[in-house]
Amino acid sequence: MTAITDVPDAPRAARRPQIGNPVLRWLRTNLFSSIPNGILTVVLLAVLGKGVISFVQWGIANAVWLTPANDSSACRAVRGLGACWAIVPEKYRFILFGTYPFDEQWRPALSVLLFIALFYLSTRRALWRRELVFLWIGALALISVLMWGGVLGLSFVSQDRWGGLPVTLILATFGLAFGFPLGILVALGRRSKLPAIRSLSVLYVELIRGVPLVSLLFMASVMFPLFMPSGFNIDKLLRAQIAIILFAGAYLAEVIRGGLQAVPRGQYEAADALGLSYWRKNRLIILPQAIRHVIPPLVNTFIAFFKDTSLVLIIGIFDLLTTAKTAIIDPAWQQFSVEVYIFVAAIYFVFCFAMSRYSRSLEVHSGAR
Amino acid sequence: MTSDAPRPPPRRRFFGAFGRRELKGLFWQVLVVGIAVAVVAFLWSNTVTNLSARRITTGFAFLGREAGMPIADSLLAYSPKDTYLWAFVVGIANTLRVAVIGIVLATILGTLIGISRLSANWLLSRLAAVYVETLRDIPLLLQLLFWYVLMQALPAARTAWRPVEGVFLSNRGLILPAVPVGPPQLSVLGTAALGCVVLYVIRRWLVTQQMRDGRPRPAWPFAMALLIALPAVVSVLLGVSWTIEWPELRGFNFVGGLTLAPEYFALLIALVTYTSAFIAEIVRSGIQSVPRGQWDAANALGLRRSFMLRQIILPQALRVIVPPMTSQYLNLTKNSSLAVAIGYQDVVSIANTTLNQTGQAIEAIALIMAVFLTISLGISFFMNWYNARIALVER
Chain U
1 MTAITDVPDA
11 PRAARRPQIG
21 NPVLRWLRTN
31 LFSSIPNGIL
41 TVVLLAVLGK
51 GVISFVQWGI
61 ANAVWLTPAN
71 DSSACRAVRG
81 LGACWAIVPE
91 KYRFILFGTY
101 PFDEQWRPAL
111 SVLLFIALFY
121 LSTRRALWRR
131 ELVFLWIGAL
141 ALISVLMWGG
151 VLGLSFVSQD
161 RWGGLPVTLI
171 LATFGLAFGF
181 PLGILVALGR
191 RSKLPAIRSL
201 SVLYVELIRG
211 VPLVSLLFMA
221 SVMFPLFMPS
231 GFNIDKLLRA
241 QIAIILFAGA
251 YLAEVIRGGL
261 QAVPRGQYEA
271 ADALGLSYWR
281 KNRLIILPQA
291 IRHVIPPLVN
301 TFIAFFKDTS
311 LVLIIGIFDL
321 LTTAKTAIID
331 PAWQQFSVEV
341 YIFVAAIYFV
351 FCFAMSRYSR
361 SLEVHSGAR
Chain E
1 MTSDAPRPPP
11 RRRFFGAFGR
21 RELKGLFWQV
31 LVVGIAVAVV
41 AFLWSNTVTN
51 LSARRITTGF
61 AFLGREAGMP
71 IADSLLAYSP
81 KDTYLWAFVV
91 GIANTLRVAV
101 IGIVLATILG
111 TLIGISRLSA
121 NWLLSRLAAV
131 YVETLRDIPL
141 LLQLLFWYVL
151 MQALPAARTA
161 WRPVEGVFLS
171 NRGLILPAVP
181 VGPPQLSVLG
191 TAALGCVVLY
201 VIRRWLVTQQ
211 MRDGRPRPAW
221 PFAMALLIAL
231 PAVVSVLLGV
241 SWTIEWPELR
251 GFNFVGGLTL
261 APEYFALLIA
271 LVTYTSAFIA
281 EIVRSGIQSV
291 PRGQWDAANA
301 LGLRRSFMLR
311 QIILPQALRV
321 IVPPMTSQYL
331 NLTKNSSLAV
341 AIGYQDVVSI
351 ANTTLNQTGQ
361 AIEAIALIMA
371 VFLTISLGIS
381 FFMNWYNARI
391 ALVER
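Protein chains in written order, with my numbering: chain U, 1 to 369; chain E, 1 to 395.
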């Protein structure tokens, strides 16, 4: 480990004259600036080289990429020496879409594309207007029609047959779409001057944030049926969705509250001076400014939900992680779970990495303004 | 207020003392509280009806019954004949065991990686960045399952890996040499802990002395005496033995040493690596938040590097680091409940089993919430105290 002496902001020793080959100069300043630094570089290179070589041997050189359908013998022959990527083409339909009727799987596939398009459009600054709400409502309605069917000549597919990536996206996106208005109300409630409303909001936020999501999901799966009048039963997926919305609402409320606090006092006073009512003041003056302030943390919160939806595995809902875990129950392929987990991790990574890059760019952008 | 100041025009008043604003406020509060009470009452009456229909008696009487569930890996002595209450206590101990050790390890690893990200060595800072980005963007549960699968794929006890003499890594978990700790050893450790407290008091006194006349007074002789010499003397006087117990393979299993079960080990690795990625970012931004002028000023005073870091840079960085660190500690503790997915019996897993065995859903979940709220409040309380201690004292 190098000492903190290498902090970029730390004052450096006198600058060396800029002479010689630029490549060598780069190597010297960035990798071999001192003897301990040089030793560190060599050690790191050795470890990295060894890791990369053994990964290439396992993951590429000795790997099996394709096998005849339902035949894992080629994979078993290289077990322990090479990866069995053949499990991905073998199982990807199940991992991505679960038990959705095979011939109808274009529908969840299209839904996933719609989700991605929706996220992409929401990142466009030019579209940050009130109309975006209608875009969201329209897209989510379209996705519901696609997934459920029953109209427009699409056959009906009950939600206990849904699975895989669309379920993960549905849980996260609907969690955000419904948790967001809830979060706004609770955040306003927490800053309200009315003691009863304030204490109810605080109670809600602290209770939800104080306990793990797992216990909320247990509550949704076990206690929800007890809460409802007998004979009235809600589907398991919807129950988990409600738990995630309540969870999201509490976390989003805290993020939005931060934004509300960042709005200067003068804005509140000016709105009051104009004689605006409480709701008009918040809707027209305060919230637009507050939410703009907190877009980067909102994106980060969304990344966290997106990852946290995987917890529904514990109550047996078929999201992307659960389908992956189920796919490797098949005895012929059981030994190749690492490959499946890497495949699914890559999917999660692509989504989260894209979102975190976006959030980073927003922060840089707002910092430059 | 002087009496001749212009008085505001009298406001129109409804209902005597209440102004319009107050009345509106009262209306909203009554409405919201009314709705909340109505919803709770509706759920409550449904629950009572449902419970009586299923013949489940409410209350915590079941805690006194025999649990009958096996707990494989526990810190406290437990047998299935014990009560549910004791099973819960064992579960809480298991949660704390993974949370406390996880917090310590994640802080160390996260700090090292956060500092590495700022290193002038390009390769090291890139590697640290890749580590942070990768681990942050993959769900913890997926990482946990991944580690657990790897753990199960390890060789059997007979062909266990031995990275270092006395350390075995096999599908039975990680087995380490250990020093058995009983009451005699504890008394020596207790002496050392007492020494810490005394040392703290002495250090404060030394600092106040230095504040008075500016003469530095070293604390290390006291530290040596209290932390090393005193426990050593006590140890020799009491004749406490500190023999190391080496694990050895007998038949199909290991005897002696300290065993970390695969479930515990996988959970610990997953929690530590995942949380350390977040802590690394916190540490990095904390160090970067110290203005450059502070480094320059410390250099201009000719301070030694270690002194400068300890006395100038770290105290300022900590102010930025501590509040987000608190929420990471809370997250790690809450995330330890994912243990249920791989069968490590923490408090959530035990509550879940209890719930399935007895049907006491409300009580079991209320217990989980109570435990986590208590732990969360405890951590927040400690960290707020610490934060107040290191906070900027403005004149």
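Note that beta-carbon positions come from the ideal geometry of N, C-alpha and C, so glycine has one too.
Please read these numbers as outputs of a predicted model, since none were measured by experiment.
- Proximity to U/S356 across U/F119, U/M147, U/L182 peaks at U/F119, based on C-alpha coordinates.
- Taking the Cα of U/G175 as reference, the smallest distance to any Cα among U/L146, U/F247, U/G153 is reached at U/F247.
- Remark: three or more beta-carbon pairs, one from each stretch, lie closer than 8 Å, so the stretch 242-256 of chain E and the stretch 163-183 of chain E are flagged as touching.
- Between the stretch 255-270 of chain E and the stretch 321-330 of chain E there are fewer than three inter-stretch CB-CB distances shorter than 8 Å, so the stretches are not counted as touching.
- Ranking U/F353, U/A290, U/L96, U/G266 by CA distance to the CA of U/L320 puts U/L96 first.
- Counting of Cβ neighbours within 10 angstroms places U/P195 among the exposed residues, the total staying below 16.
- Pairing U/T123 with U/Y358, the inter-Cα distance amounts to about 8 Å.
- Non-local C-beta neighbours of E/R54 in its own chain, meaning closer than 8 Å and more than five positions away in sequence, comprise G359, ordered along the chain.
- In this structure, DSSP gives E/A178 an extended state, which the three-state scheme calls strand.
- For the stretch 366-381 of chain E, the residues whose beta carbon sits under 7 Å from a beta carbon of chain U are, in order, I368, M369, F372, L373, S376.
- DSSP places U/L154 in the coil class of the three-state scheme, outside both helix and strand.
- Proximity of U/I314 to chain E, defined by a Cβ-Cβ separation below 7 Å, is satisfied.
- Contact annotation for E/P180 against chain U: no contact, minimum CB-CB distance about 33 Å [criterion: below 8 Å].
- When the five nearest sequence neighbours on each side are left out, the beta carbons in the same chain lying within less than 7 Å of the beta carbon of E/V240 are those of P184, Q185, V188, in order along the chain.
- E/T333 and E/M383 do not touch by the CB rule: their CB atoms are close to 12 Å apart, not below 8 Å.
- Sorting E/V283, E/P70, E/P139 by C-alpha distance to the C-alpha of E/A128 places E/V283 at the top.
- Per DSSP, E/T259 is one residue of the beta strand (DSSP E) stretching across 258-260.
- The beta carbon of E/R65 sits closer than 7 Å to the beta carbons of T83, Y84 from its chain, once the five residues preceding and following it are set aside; these are given in chain order.
- Ranked by how close their Cα comes to the Cα of E/A391, the residues E/I362, E/L105, E/L318 have E/L318 in first place.
- Chain U has no Cβ within less than 7 Å of the Cβ of E/V48.
- Under the Cβ criterion of 7 Å, U/I197 is counted among the residues facing chain E.
- Boundaries of the alpha helix (DSSP H) harbouring E/S187: 183-213, taken from the DSSP string.
- Secondary structure note for U/R190: its alpha helix (DSSP H) is the uninterrupted segment 165-190.
- The beta-carbon of U/A345 is placed less than 7 Å from the nearest beta-carbon of chain E.
- Between E/A280 and E/W147, the C-beta spacing is not below 7 Å.
- Remark: C-beta atoms of U/G98 and U/T323 approach each other more closely than 7 Å.
- Within the same chain, Cβ atoms closer than 7 Å to the Cβ of E/A160 are found at F168, L169, S170, the five residues on either side in sequence being excluded.
- By alpha-carbon distance to U/G179, the top candidate from U/F156, U/E206, U/L81, U/I256 is U/I256.
- In chain U, no part has a C-beta under 8 Å from the C-beta of E/Q185; the shortest such distance is about 32 Å.
- Three or more beta-carbon pairs separated by less than 8 Å link the stretch 220-231 of chain E to the stretch 190-203 of chain E, which places the two stretches in contact.
- One finds nothing in chain E with a Cβ atom closer than 8 Å to the Cβ of U/M147; even the nearest lies about 22 Å away.
- The beta carbon of E/A87 sits closer than 6 Å to the beta carbons of A67, I350 from its chain, once the five residues preceding and following it are set aside; these are given in chain order.
- Annotation: E/S79 is outside any beta strand (DSSP E) and is labelled neither H nor E by DSSP.
- In summary, no residue of the stretch 261-281 of chain E has a CB separated from any CB of chain U by less than 7 Å.
- Exclusion of the five residues before and after U/A139 leaves L114, L118 as the residues of its chain whose Cβ lies within less than 7 Å of its Cβ.
- Close partners of U/T99 in chain E (Cβ separation under 7 Å) are lacking, with about 21 Å as the shortest Cβ gap.
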